[in-house]
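Chemist: Sending over a structure as C-alpha cells; questions will come in a sec.
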Amino acid sequence: MNTPIVDFVEKYKKSGTARFHMPGHKGKNGLERDITEIKGADELYFAEGIIAESENNASELFGSAHSYYSAEGSTLAIKAMLTLAAGERPRGERPLFLAARNVHKAFVYGAAMLDADVEWMCSDTEHICKCVITPDLLDEALKKCRRKPDGVYITSPDYLGNIADVKGLSEVCDRYGVPLLVDNAHGAYLAFLEENKHPLALGASMCADSAHKTLPVLTGGAYLHIAKKAERFCQSARSAMAMYASTSPSYLILQSLDACNKYLAETPISKRQRIVDFVNAERERLAEQGIVTEGDECLKIVINATASGYRGEELAEIFREGGAEPEFCDGDYTVLMLSEFNSEEELNCLKNIFSSLKGKPPIDTAEFKLPKCERAISIREAVFAPSETVDVALAEGRICAVPTVSCPPAVPIAISGEVINAECVKALLHYGITHISVVKKQTKKKRETT
Ligand SMILES: Cc1ncc(COP(=O)(O)O)c(C=O)c1O
Numbered sequence: 000m001n002t003p004i005v006d007f008v009e010k011y012k013k014s015g016t017a018r019f020h021m022p023g024h025k026g027k028n029g030l031e032r033d034i035t036e037i038k039g040a041d042e043l044y045f046a047e048g049i050i051a052e053s054e055n056n057a058s059e060l061f062g063s064a065h066s067y068y069s070a071e072g073s074t075l076a077i078k079a080m081l082t083l084a085a086g087e088r089p090r091g092e093r094p095l096f097l098a099a100r101n102v103h104k105a106f107v108y109g110a111a112m113l114d115a116d117v118e119w120m121c122s123d124t125e126h127i128c129k130c131v132i133t134p135d136l137l138d139e140a141l142k143k144c145r146r147k148p149d150g151v152y153i154t155s156p157d158y159l160g161n162i163a164d165v166k167g168l169s170e171v172c173d174r175y176g177v178p179l180l181v182d183n184a185h186g187a188y189l190a191f192l193e194e195n196k197h198p199l200a201l202g203a204s205m206c207a208d209s210a211h212k213t214l215p216v217l218t219g220g221a222y223l224h225i226a227k228k229a230e231r232f233c234q235s236a237r238s239a240m241a242m243y244a245s246t247s248p249s250y251l252i253l254q255s256l257d258a259c260n261k262y263l264a265e266t267p268i269s270k271r272q273r274i275v276d277f278v279n280a281e282r283e284r285l286a287e288q289g290i291v292t293e294g295d296e297c298l299k300i301v302i303n304a305t306a307s308g309y310r311g312e313e314l315a316e317i318f319r320e321g322g323a324e325p326e327f328c329d330g331d332y333t334v335l336m337l338s339e340f341n342s343e344e345e346l347n348c349l350k351n352i353f354s355s356l357k358g359k360p361p362i363d364t365a366e367f368k369l370p371k372c373e374r375a376i377s378i379r380e381a382v383f384a385p386s387e388t389v390d391v392a393l394a395e396g397r398i399c400a401v402p403t404v405s406c407p408p409a410v411p412i413a414i415s416g417e418v419i420n421a422e423c424v425k426a427l428l429h430y431g432i433t434h435i436s437v438v439k440k441q442t443k444k445k446r447e448t449t
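Numbering that gives the first Met the number 0 puts the first residue of the sequence shown at 0, with every later residue one more than the last.
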C-alpha cells in the first residue's frame, strides 16, 4: 500500500525549497515535516490529490464507501456524522436523534449546533460510562419515539470496554429505515483482529473512530467512515467536516494517518493477537487473585476496583508507583489500554504490578442511580445561553448549561437544558464534580425612566 502524503512531504523536505509560506517555523528545528496546503499537498476538505488517494487506501482497509480523515479527533467526526444524518430531515423540521445516554460531550455540542432534539435510551446502569442497549430495548424505544428519528446513536466500545451488539442493533435500525451512528472512538482497531468486529462490518451506517486511541497515529488523527449501504451521505461529507474544522489541518497528523494505512496493510494480525492473548491470560490470572475485571474489549483491562476491595484512584497510584500510567481511573474503576506497541519490558512491568494485587472484600459504594432530569429548554438554547458556574451543592433546580465534565471520560451527567434535581446533585458529587455550569437566571429588565 502506498503512502502518498508521506512521500510528498519527504520529497518536499529533500528539495530544500525556501519556505515563503506558513507555518512560521519555516521547517526549522526538526519541524521540516510540518507543512501547509502548498501546491501538490491537496486540501483536506476539497481532497482530489494525495489526501484523496490516501483516504482511498483507508477506505479499502476498513471496507467503507469512504473513510474521511479528521485531524481534530472523533470530536469533529461525531459532529459531521450528526450533521449528515440531520441533513435528511425535511427543511424546517428540527432533527431528532435517539441516543444511548452515555454520550461523549461532542454529541451534546453537535446536537446544540444542529438544534436537535434527543430522546434518550437508558439502561439500569451502575456507571455513567455504561449504557447497554439491546436490540429489544432499541425496538421498544423506536416504537415509542415521538417521530421517526434521523439516527440511532450509540457509543461502542464505551470507556469501560463494553461492546454493544452492533449487528443486532443495525438489523433493528434497518427495519425502521433509520441509520445507526456509532461513536467508535475506542474501536478503530476492531477491523484488524482475527474476526472483524468493527461496527461497519456489523451493519452501522456511519462511525467516528479515533485512530489515535488504538492505532499508531498522532493524537488528533481520526476517521469518519461511511458504510457502503449509506453511500448517499458521501456527497456532503466533506462540507459537513469543514463546517466545524480548522482550515489549517495538521499535516503531521495527516502523514501519520497515511503511514498507518501501510502499517495496517503490512502487519500480520498475529502481532496484535499476541496482546489479545496477553490481556486474556492476565484477566484470568487477576480473577484467580480475586481482582474483578470487566468489559469485552480485547485491548483494554478494566478493573472494577471497588468490587476488588480498592478505590480506582488507589489502584492507579499502585500502577504509577510500579512505573505504569493507566488511561483512566475514578472511584470505581481503573482502565489500562494496551497495543502491540507496548514492549515486552512494559508488559512485564504490568505483570509484576498485577502479581502484587490481592483481592479484598468489596467496598460498599453508595448505590449510583442515573439521574432522570426533566428538560426545561432545548440543548441549543442551554448551550448558547448566558451561563455561570455554581457549586454543585447549590445547583438543585437550576438548568444545566454547557456539559461540565472533564476528559476522560467526558460523559455528561446532566445534559444541557435539563433541570438539575437532587438525584443529579448526588450523581455529580459521586463523580467528584463540585462545580457546574448553569443557565443564568433572567433578571427583569429595568424600565427606562427617561
Ligand atoms: C467515547 C468517546 N467518544 C469520543 C471521544 C472524542 O474523541 P477525540 O479525542 O478523538 O476527539 C472520546 C475521547 O476520549 C471518547 O472517549
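Beta carbons: idealized from backbone N, C-alpha and C, even for Gly. Note that this is a predicted model, so its numbers are computed, not measured.
Note down the Cα distance separating residue 370 from residue 435, rounded to an integer number of angstroms.
Modeler: Going from the Cα of residue 370 to the Cα of residue 435 covers about 15 Å.
Chemist: Can a CB atom of chain C be found closer than 8 Å to the CB of residue 6?
Modeler: Among the chains of the structure shown, chain C does not appear; only one protein chain is present.
Chemist: So is residue 21 buried or exposed if we call it buried at 16+ other beta carbons inside 10 Å?
Modeler: Flag for residue 21 reads exposed.
Chemist: Identify the residues that DSSP records as bridge partners of residue 206: which are they?
Modeler: Residue 206 pairs with 181, 224.
Chemist: Around the Cβ of residue 429, are there at least 16 other Cβ atoms within 10 angstroms (buried) or fewer (exposed)?
Modeler: It counts as buried.
Chemist: Report all residues from its chain with a CB closer than 8 Å to the CB of residue 164; omit the five preceding and five following residues, and keep chain order.
Modeler: Same-chain partners within the cutoff: 133, 134.
Chemist: Could you give the distance in angstroms between the alpha-carbon of residue 147 and the alpha-carbon of residue 91?
Modeler: Distance between the alpha carbons of residue 147 and residue 91 is about 15 Å.
Chemist: When the Cα of residue 412 is compared with those of 85, 125, 78, which residue comes out closest?
Modeler: Answer by Cα proximity: 125.
Chemist: Hey, is residue 34 close to ligand 1, as in C-beta under 7 Å from one of its heavy atoms?
Modeler: Checking the Cβ of residue 34 against ligand 1 gives no.
Chemist: Should residue 74 be counted as a contact of ligand 1 given a C-beta to heavy atom distance under 7 Å?
Modeler: Flag set: Cβ of residue 74 near ligand 1.
Chemist: In this structure, how does DSSP classify residue 78 when only helix, strand and coil are distinguished?
Modeler: Here residue 78 sits in helix by DSSP.
Chemist: Helix, strand or coil: how does DSSP classify residue 377 here?
Modeler: DSSP places residue 377 in coil when its eight states are reduced to three.
Chemist: Which parts of the region 324 to 396 are runs of the alpha helix (DSSP H), unbroken and 4 residues or longer, counting only runs that do not cross its ends?
Modeler: With a minimum length of 4 residues, the continuous alpha helix (DSSP H) runs that stay inside the region 324 to 396 are 343 to 355, 378 to 383.
Chemist: If you drop the 5 nearest sequence neighbours on each side, which residues of the same chain put their C-beta closer than 7 Å to that of residue 144?
Modeler: Within the same chain, residue 144 has close Cβ partners 97, 118.
Chemist: For residue 176, I'd like the list of residues in its chain whose CB is within less than 8 Å of its CB, leaving aside the five on either flank, ordered along the chain.
Modeler: Closer than 8 Å at the Cβ level, and outside the excluded window around residue 176, lie 147.
Chemist: Within the continuous beta strand (DSSP E) that includes residue 120, where are the two ends?
Modeler: Where residue 120 is concerned, the enclosing beta strand (DSSP E) stretches over 116 to 120.
Chemist: Which term fits residue 421, buried or exposed, when burial requires 16 or more other beta carbons within 10 angstroms of its beta carbon?
Modeler: With fewer than 16 other Cβ atoms within 10 Å, it is exposed.
Chemist: Got a sec, what are the start and stop residues for the beta strand (DSSP E) residue 299 sits in?
Modeler: Unbroken beta strand (DSSP E) run through residue 299: 299 to 303.
Chemist: Residues in the same chain with beta-carbon distance under 8 Å from residue 345, minus the five sequence neighbours each way, listed in chain order, please.
Modeler: Around residue 345: 323.
Chemist: DSSP state of residue 399, grouped into three classes?
Modeler: In the structure shown, residue 399 sits in a strand (DSSP, three-state: E or B).
Chemist: By DSSP, does residue 150 sit in helix, in strand, or in coil?
Modeler: Strand at residue 150.
Chemist: Could you spell out the range, first to last residue, of the alpha helix (DSSP H) harbouring residue 435?
Modeler: Unbroken run through residue 435 is the beta strand (DSSP E), 434 to 438; no alpha helix (DSSP H).
Chemist: Please return the same chain residues whose Cβ sits closer than 8 Å to the Cβ of residue 188, not counting the five positions on each side in sequence.
Modeler: Excluding positions up to five away in sequence, the list reads 213, 214, 271, 298, 338.
Chemist: Go to residue 409, then tell me how far its beta strand (DSSP E) extends in each direction, as first and last residue.
Modeler: Note, residue 409: premise wrong, no beta strand (DSSP E); not H, not E.
Chemist: Between the region 220 to 236 and the region 6 to 19, can you find at least three pairs of beta-carbon atoms closer than 8 Å?
Modeler: Judged by Cβ distances under 8 Å, the region 6 to 19 makes no contact with the region 220 to 236, as fewer than three pairs qualify.
Chemist: Is residue 64 closer than 8 Å to residue 93 when the C-beta atoms are compared?
Modeler: Their beta carbons are not under 8 Å apart, which means residue 93 does not touch residue 64 by this criterion.
Chemist: In this structure, does DSSP put residue 6 in helix, strand or coil?
Modeler: Reduced to three states, the DSSP call for residue 6 is helix.
Chemist: Label residue 109 either buried or exposed according to how many other C-beta atoms from any shown protein chain fall within 10 Å of its C-beta, with 16 as the threshold for buried.
Modeler: Residue 109 is buried by the Cβ-count criterion.
Chemist: Who are the near neighbours of residue 190 in its chain, counting only those whose CB is closer than 6 Å to its CB and skipping five residues on each side?
Modeler: Closer than 6 Å at the Cβ level, and outside the excluded window around residue 190, lie 61, 197.
Chemist: Which whole-angstrom value is the C-beta distance of residue 216 and residue 249, which I expect to be below 8 Å?
Modeler: Not a contact, Cβ separation roughly 11 Å.
Chemist: Along the chain, where does the beta strand (DSSP E) containing residue 65 start, and where does it finish?
Modeler: Segment 65 to 69, the beta strand (DSSP E) holding residue 65.
Chemist: Can you grab the Cα-Cα spacing for the pair residue 439 / residue 394, in whole Å?
Modeler: Computed Cα separation, rounded: 11 Å.
Chemist: Given 7 Å as the limit, tell me if residue 309 has its C-beta closer than that to any heavy atom belonging to ligand 1.
Modeler: No, the Cβ of residue 309 stays beyond 7 Å of every heavy atom of ligand 1.
Chemist: Pull up the distance between the alpha-carbon of residue 383 and that of residue 95, whole angstroms please.
Modeler: Near 19 Å, if we compare the C-alpha coordinates of residue 95 and residue 383.
Chemist: Considering only the beta carbon of each residue, do residue 278 and residue 300 sit closer than 8 Å?
Modeler: Yes, the pair counts as a contact, with Cβ atoms nearer than the cut-off.
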